[in-house]
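Protein chains in written order, with my numbering: chain A, 22 to 319; chain B, -6 to 524.
By construction, the Cβ of each residue, glycine as well, lies at the ideal position given by its N, Cα and C atoms.
The block underneath contains the structure these notes are about, expressed in structure tokens.
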């Protein structure tokens, strides 16, 4: 089971480049695709889901070009788009049964699968209610269930935890971990904690380019020994932000506790901290932006 | 002052959003076509067998009536989405959180609707000027006689159309397909209002105003004129009454006063619409929320840790997913057809089925001529909203991405949706078919089958190409009214008024159905190969 993304670029009308020569090779496991808003994550997801065609490059599923033979992937694909609709007059069961028929599942398999999925996403009690009355979080869970209908080998989920409450978010993360065994899961998000919890691999995307790719440990290693906590009066915060990458702040009695990513201690008395994935993410993005700015200046 | 600025800002934003869409270009092209049709005699103003010389007055009146008549029908469907767009884009919810009043909002939308319609009238005005020069039947060019009918007759009628579109959007049950179908009948009623009420002033379209001026003049100026006044899609030869000189409508204070009244009625309708407008409150639009407890806000770390434990415990206890055995992933097309049929029929209230059932029973019980005539006609207008959803449902409810990433969609889902439409036609018109079969009227049965295939094909094609149900709802209702209801040969797709040409008409409708279906497949294929 292998998904290869080879030099994929996507330019929309108006010459807006959403992806630039993006390459990646994936095997079973959970890939956390992280990036700021507008980085090209959703474009990449849509290309992988055979919704959008790349302007250049190709995507191979087990060696088959999905542009030439999209059904080779579609039969084993589960896709949860960032924005999707539902049919308001149908119940969750009816909606899932409809999509199961579209995906080609026979009635008996679909029935069993739908019951299990509704249990799994905690919607068994609401299974017969019209979807039109569902909250945003409930609709999102219906979306998650439909993505799993055909027992997909490739599961693509785009911002899946948007609109879920913390309990459901955790439940979904756990589900993704359980599903990851013998399939490829691509989790696109800008919520670092979601990726931290489940990803076996992380790809960082910015301005349509792959900025970093590797295991979470390798990303963390980039900022090992470079994360500090300093306590400063609130008036000094703007100066600190100007001079350093501040990944978080918290107001305390003694002043502001700022978490700083820097090669050397930013202030006398700075305390070294264990790096988090968020520190690594912000530092890598910062380095990328500085490099792009420098190249543009040249 | 501030209220004016607000109304202007809403009108401007809405108008710009509209005119920057590709569909606006299509709208203007429609106006250009109307101008062309009037200029080349495809649509003409007739006095019985005659028409007047193409003087400024005649062309002004004719183009004005073409605009008033056709734009008030089609224009309604074009502009009836001002509020809906804000609902779909969710801009409405942002606006609802501001101090904006309902009246200001709707007046802004009204002005935008009106501006779109007037821009189409402007295209026709240019066409009117061009027409006089190109026809060259009368060299005397009178700008007032040419354009004042557009200003005094058409513009108030466009104001009424713009206001009615908003009124329909304000009423929940008129927002969708019911409103689109109803408008056709209301439009017909509006045109006939002066004749029905015997009150010539009750003339929102302005048709009667021209009639009252033109016909008495024709009685004097055209020898042998036996009466008659019509705006027709001409297919017969027409004589030019060369000796007849009509100077145009005399714009008396009385006439102008009544035109102003209709403009004022339009404004009043907008203000009335505010009373019914839900101001984007979903509680008034759909079922009230409350099916599940409110979502929790951001929790503290400790709270989240507790929830993580709870969720893990529940996750462990959750049902396991049974792996799907290999080879089970290819269900028959019958299953998808049933799923599409269920989707098509879902959401209708019990009385819908009662009426459909009643019409079906009546087809079995009534004399054959009635069964295959008016009863079949009514049976095939009743499911218009089911058919109009074909091919548009995915776009309307935003499920394209879910569906378009499924395998083998083109050869499976669209045919299943179409067949569901055919099944609805067959079921609702079953009585007439059985009666025709029992009577041995094979030509009639063929015509019935052609109709049952044609209607869903038209729906799927228009739906897939336009992405909206409005075109089918408007066009099909008009076709149904002209064909099966008024028994115009060739346009009666049920075949009940085809007489000896039943076979020929049936073959034509079958061919058209095949072409429409092919067009739908072609378009859906393009949609699946997006970007």
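Distance CB(residue i)-CB(residue j) smaller than 8 Å
{"i": "residue 282 of chain A", "j": "residue 251 of chain A", "result": "no"}
{"i": "residue 153 of chain B", "j": "residue 197 of chain B", "result": "yes"}
{"i": "residue 404 of chain B", "j": "residue 96 of chain A", "result": "no"}
{"i": "residue 38 of chain B", "j": "residue 235 of chain B", "result": "no"}
{"i": "residue 253 of chain B", "j": "residue 119 of chain A", "result": "no"}
{"i": "residue 31 of chain B", "j": "residue 116 of chain B", "result": "no"}
{"i": "residue 527 of chain B", "j": "residue 465 of chain B", "result": "Any answer about residue 527 of chain B is impossible in this case: the structure gives chain B only from -6 up to 524."}
{"i": "residue 383 of chain B", "j": "residue 414 of chain B", "result": "yes"}
{"i": "residue 182 of chain A", "j": "residue 221 of chain A", "result": "no"}
{"i": "residue 237 of chain B", "j": "residue 41 of chain B", "result": "no"}
{"i": "residue 126 of chain A", "j": "residue 161 of chain A", "result": "no"}
{"i": "residue 38 of chain A", "j": "residue 229 of chain A", "result": "yes"}
{"i": "residue 205 of chain A", "j": "residue 24 of chain A", "result": "yes"}
{"i": "residue 241 of chain A", "j": "residue 232 of chain A", "result": "no"}
{"i": "residue 242 of chain B", "j": "residue 359 of chain B", "result": "no"}
{"i": "residue 349 of chain B", "j": "residue 461 of chain B", "result": "no"}
Identity of the residue in the options nearest residue i by Cα
{"i": "residue 352 of chain B", "options": "B:415, B:436, B:332, B:425", "result": "B:425"}
{"i": "residue 250 of chain B", "options": "B:145, B:485, B:260", "result": "B:145"}
{"i": "residue 268 of chain A", "options": "A:108, A:213, A:112, A:290", "result": "A:213"}
{"i": "residue 61 of chain B", "options": "B:327, B:148, B:138, B:394", "result": "B:148"}
{"i": "residue 87 of chain B", "options": "B:422, B:234, B:169, B:273", "result": "B:273"}
{"i": "residue 31 of chain A", "options": "A:24, A:169, A:72", "result": "A:72"}
{"i": "residue 504 of chain B", "options": "B:519, B:448, B:396", "result": "B:448"}
{"i": "residue 76 of chain B", "options": "B:183, B:104, B:51, B:49", "result": "B:104"}
{"i": "residue 29 of chain A", "options": "A:160, A:69, A:260", "result": "A:69"}
{"i": "residue 248 of chain B", "options": "B:1, B:200, B:85, B:472", "result": "B:200"}
{"i": "residue 513 of chain B", "options": "B:188, B:452, B:118", "result": "B:452"}
{"i": "residue 412 of chain B", "options": "B:506, B:127, B:315", "result": "B:506"}
{"i": "residue 222 of chain B", "options": "B:73, B:428, B:0, B:58", "result": "B:58"}
{"i": "residue 402 of chain B", "options": "B:90, B:330, B:213, B:429", "result": "B:330"}
{"i": "residue 97 of chain B", "options": "B:79, B:-4, B:181", "result": "B:-4"}
Test: residue i CB closer than 8 Å to a CB of chain B
{"i": "residue 72 of chain A", "result": "yes"}
{"i": "residue 42 of chain A", "result": "no"}
{"i": "residue 37 of chain A", "result": "no"}
{"i": "residue 167 of chain A", "result": "yes"}
{"i": "residue 95 of chain A", "result": "yes"}
{"i": "residue 208 of chain A", "result": "no"}
{"i": "residue 125 of chain A", "result": "yes"}
{"i": "residue 299 of chain A", "result": "no"}
{"i": "residue 204 of chain A", "result": "no"}
{"i": "residue 83 of chain A", "result": "no"}
Interface flag, residue i vs chain A, CB-CB below 8 Å
{"i": "residue 529 of chain B", "result": "Nothing in the structure corresponds to residue 529 of chain B, since chain B is present only between -6 and 524."}
{"i": "residue 329 of chain B", "result": "yes"}
{"i": "residue 252 of chain B", "result": "no"}
{"i": "residue 335 of chain B", "result": "yes"}
{"i": "residue 340 of chain B", "result": "yes"}
{"i": "residue 378 of chain B", "result": "no"}
{"i": "residue 314 of chain B", "result": "yes"}
{"i": "residue 232 of chain B", "result": "no"}
{"i": "residue 100 of chain B", "result": "no"}
| query | In chain order, what residues of the region 387 to 398 of chain B put their CB closer than 7 Å to some CB of chain A? | reply | 390, 391, 392, 394, 395, 396, 397, 398
| Should the region 134 to 143 of chain A be called in touch with the region 162 to 172 of chain A, which here means at least 3 C-beta pairs below 8 Å? | yes
| request: Give the residues from the region 62 to 93 of chain B that approach chain A closer than 8 Å (Cβ to any Cβ), ordered along the chain. | output: none
| Okay, do the region 367 to 375 of chain B and the region 98 to 115 of chain A touch, 3+ Cβ pairs below 8 Å being the bar? | no
| task | Decide yes or no for the touch test of the region 351 to 366 of chain B against the region 143 to 163 of chain A: beta carbon pairs closer than 8 Å, at least 3 of them. | result | no
| request: Pull out every residue of the region 102 to 113 of chain A whose Cβ sits closer than 8 Å to any Cβ of chain B, in chain order. | output: 102, 104, 105, 106, 107, 108, 109, 110, 111
| query | Pairing CB atoms from the region 405 to 413 of chain B with CB atoms from the region 325 to 344 of chain B, are three or more of them under 8 Å? | reply | yes
| request: Check whether the region 110 to 128 of chain A touches the region 177 to 196 of chain A, counting contact only when three or more Cβ pairs, one atom from each stretch, lie closer than 8 Å. | output: no
| message | With three or more beta-carbon pairs closer than 8 Å as the criterion, would you say the region 67 to 81 of chain B touches the region 288 to 297 of chain A? | response | no
| request: Note down, in chain order, all residues in the region 178 to 209 of chain B with a beta-carbon under 8 Å from any beta-carbon belonging to chain A. | output: none
| said: Give me the subset of the region 399 to 411 of chain B whose CB atoms are less than 9 Å from a CB atom of chain A, sorted by chain position. | reply: 399, 400, 401, 402, 405, 406, 409
| query | Is the number of C-beta pairs between the region 45 to 52 of chain A and the region 82 to 91 of chain A that are closer than 8 Å three or more? | reply | no
| message | At a CB distance below 7 Å, what residues from the region 111 to 138 of chain B approach chain A? Give them in sequence order. | response | none
| said: Closer than 8 Å is the cut-off here; do at least three beta carbon pairs connect the region 197 to 210 of chain A with the region 173 to 182 of chain A? | reply: yes
| query | Okay, do the region 160 to 179 of chain B and the region 117 to 137 of chain B touch, 3+ Cβ pairs below 8 Å being the bar? | reply | no
| task | Residues of the region 42 to 60 of chain A with a CB closer than 8 Å to any CB of chain B: list them in chain order, please. | result | none
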